[in-house]
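Each residue of the sequence shown is one higher than the one before, counting from 4 in our numbering. Notes follow the structure.
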Amino acid sequence: MPQQITRIRAQRFRSLAEVDVRLGRLNVLIGPNGSGKTNLLKVLQFLATMARYDLSFAVRDWNGFDHIQRQAGKPLPVRLTIEGRITEHSSDNALDEYMLRLSQTASGISRTEEFTFKRSSGRGRRYKASGKEIEISDLDSDAPRQVQRVADAQTTGLATLPKLADEQGGLGIRTFANFLSSIRVLEPDVVAARQPSRPYNANLADDASNLADALAQLKVSDPDAWPLLVADVRSCLPGLEEIQIVPVGGPGRAVSVQLVEQGVTKPIELADASFGTVRVLALLTALHEPDPPPFTAIEEIDHGLHPYALDILVDRMRAASSRTQILAATHSPTLVNRLTADEIIVCDREPETGASLIPATSSKQIRAQLAATDWQAGELWFSGALRGVPAGRAPTDRAWCSSSARTTTTRRASGICSSISIRGLPAGSDPYHGPLR
4 MPQQITRIRA QRFRSLAEVD VRLGRLNVLI GPNGSGKTNL LKVLQFLATM
54 ARYDLSFAVR DWNGFDHIQR QAGKPLPVRL TIEGRITEHS SDNALDEYML
104 RLSQTASGIS RTEEFTFKRS SGRGRRYKAS GKEIEISDLD SDAPRQVQRV
154 ADAQTTGLAT LPKLADEQGG LGIRTFANFL SSIRVLEPDV VAARQPSRPY
204 NANLADDASN LADALAQLKV SDPDAWPLLV ADVRSCLPGL EEIQIVPVGG
254 PGRAVSVQLV EQGVTKPIEL ADASFGTVRV LALLTALHEP DPPPFTAIEE
304 IDHGLHPYAL DILVDRMRAA SSRTQILAAT HSPTLVNRLT ADEIIVCDRE
354 PETGASLIPA TSSKQIRAQL AATDWQAGEL WFSGALRGVP AGRAPTDRAW
404 CSSSARTTTT RRASGICSSI SIRGLPAGSD PYHGPLR
């Protein structure tokens, strides 16, 4: 069974006053700007940075604790909790749990961490790190707690506890820390992604700055995946014939990407490709990797892409989710039309407090809405029936679009499709729902 985060809880982290989000293998955040989608991704990004470099670096990287803690009312501790099946002996009935509590004091940042996981088939064990002390105790046992001390109160348990011997639990915490540090929050920097990159044989970086190297690695390591990737890119980019990886500056110095297009005599350097072309190439590279990180978050997956590319991306996200758990954010009703209720997480804001409300609508409620109408999920969301739209746009009567009697004219009025007479669609396409299959 692949490693999986099953639950994220965040209290007083940026706009997240208190959210409790359960995750499956594929999860897509939908909602208006400022509803907390990005901040939920940043919970994972902050924990990954802390696992890689330690707490003090992570806080500096985020421009100080004030940029982490929710700025509303009395300053209270930030609390982040991750549950999941991460370590070897975890299961649905015995989930791993990591809790981090941070607060600002006169002497600096105070932190408390708790790990709970099963070391073997027997009882579990809890590790609590606070200041310079680490307490170790067996769950459901009257055995006395063990206490160890560390040299630096700012050093996290994620950095210290993996050094314990395996029989003391070091292996489990090492596994958990490695999982967190490997989380990829993909937000392609198109300017950087266009450039040649040195061949480090690595997966795609968070900012896609090593796109050329990641493509070269994919082509060599998984010859079966390469033609599938090229076929997907061709479907998104009319006229594309081939993707070439070419050396730059001599063997082993760097590699770059060239696009061979129909009717063009000279290959096009990726440096000259459009914004959307570079983004779709980066996203599809991440989704075709044979050995990706166990968790991939994707910011604004639809940004800069033609709506028909989104159909391919949803299919590839579903396929890739067997290898890497996915949490993506989107503003596209077209993409949401292709999702199931269990894949959608609606984000909104409390009108009185401004706090993020995630999820704003349960999967059960989404399923009920879908069952009551012939509308698709993206259409329901765009109408406001699922919440997650800008303030003042949601219908006062949520049953407004729950009737199966809604007409094509109403669909056009929703803004998802303005006219059935549309050019520029692939042959055999339905302008309301995408390619006919």
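Beta carbons: idealized from backbone N, C-alpha and C, even for Gly. Model, not experiment: these values are computed from the prediction.
I need the boundaries of the beta strand (DSSP E) containing residue i, first residue and last residue.
| i | result |
| --- | --- |
| Met102 | 99-108 |
| Lys77 | Segment: none, Lys77 is in no beta strand (DSSP E) and carries neither H nor E. |
| Thr376 | Run containing Thr376: none; DSSP gives neither H nor E here. |
| Ser113 | 111-121 |
| Leu189 | 187-189 |
| Val267 | It is not in any beta strand (DSSP E) - Val267 carries neither H nor E in the DSSP assignment. |
| Asp1 | This structure cannot settle anything about residue 1, because the visible part of the chain is limited to 4 through 440. |
| Arg10 | 7-16 |
| Val31 | 29-33 |
| Ala331 | 328-333 |
| Pro250 | 243-251 |
| Val349 | 347-349 |
| Thr299 | 298-301 |
Looking only at its own chain, which residues have a Cβ that is under 6 Å from the Cβ of residue i, when we skip the five neighbours before and after it?
| i | result |
| --- | --- |
| Arg88 | Gln7 |
| Asn204 | Gln220 |
| Ala358 | Ala20 |
| His334 | none |
| Gln107 | Phe68 |
Which term fits residue i, buried or exposed, when burial requires 16 or more other beta carbons within 10 angstroms of its beta carbon?
| i | result |
| --- | --- |
| His70 | exposed |
| Gly67 | exposed |
| Lys77 | exposed |
| Phe16 | buried |
| Pro5 | exposed |
| Ala276 | buried |
| Ala217 | buried |
| Glu86 | buried |
| Lys367 | exposed |
| Gly175 | buried |
| Asp305 | buried |
| Val339 | buried |
Tell me whether the beta-carbon of residue i lies closer than 8 Å to the beta-carbon of residue j.
| i | j | result |
| --- | --- | --- |
| Glu116 | Met102 | yes |
| Asn42 | Ser18 | yes |
| Leu189 | Ser200 | no |
| Val62 | Gln72 | no |
| Leu284 | Val236 | yes |
| Leu26 | Arg10 | yes |
| Thr119 | Asp99 | yes |
| Arg177 | Ala300 | no |
| Pro297 | Ala323 | no |
Within the continuous alpha helix (DSSP H) that includes residue i, where are the two ends?
| i | result |
| --- | --- |
| Asp216 | 214-224 |
| Pro310 | 310-323 |
| Asn42 | 40-56 |
| Asp275 | Asp275 -> no alpha helix (DSSP H), and no H or E assigned at all. |
Compare the C-beta of residue i against all C-beta atoms of chain B and say whether one is closer than 8 Å.
| i | result |
| --- | --- |
| Thr268 | Within the model displayed, chain B is absent; a lone protein chain is all it includes. |
Ignore the nearest five residues each way along the sequence and tell me which others in residue i's own chain have a CB closer than 7 Å to its CB.
| i | result |
| --- | --- |
| Lys40 | Leu32, Gly34, Ala332, Cys350 |
| Ala402 | With a pLDDT of only 43 at Ala402, under 50, the local geometry of the prediction cannot be trusted, and no value is derived from it. |
| Pro362 | Val24, Ile348, Val349 |
| Pro270 | Gln247, Gln261, Leu262, Val263 |
| Arg321 | Leu29 |
| Leu308 | Gly279, Arg282, Val283 |
Looking only at its chain, what residues have a beta carbon closer than 8 Å to the beta carbon of residue i, apart from the 5 residues adjacent to it on each side?
| i | result |
| --- | --- |
| Arg55 | Ser184 |
| Asp64 | Thr52, Tyr56 |
(Q) For the structure I just gave you, are there three or more beta carbon pairs, one from the segment 256-275 and one from the segment 315-323, closer than 8 Å? (A) No: the two stretches stay apart, fewer than three of their Cβ pairs being nearer than 8 Å.
Q) Pairing CB atoms from the segment 186-199 with CB atoms from the segment 112-121, are three or more of them under 8 Å? A) With the cut-off at 8 Å, the segment 186-199 and the segment 112-121 do not touch.
Q. Counting pairs of Cβ atoms below 8 Å between the segment 350-361 and the segment 324-331, do you hit three or more?
A. Fewer than three beta-carbon pairs drawn from the segment 350-361 and the segment 324-331 are found closer than 8 Å, and the two stretches are therefore not classed as touching.
Q | Contact between the segment 340-347 and the segment 378-392 (3+ Cβ pairs under 8 Å) | A | Three or more Cβ pairs drawn from the segment 340-347 and the segment 378-392 lie within less than 8 Å of each other, which places the two stretches in contact.
(Q) When you compare the segment 287-298 with the segment 224-242, are there three or more beta-carbon pairs, one atom per stretch, that lie closer than 8 Å? (A) Output reads yes: the segment 224-242 touches the segment 287-298.
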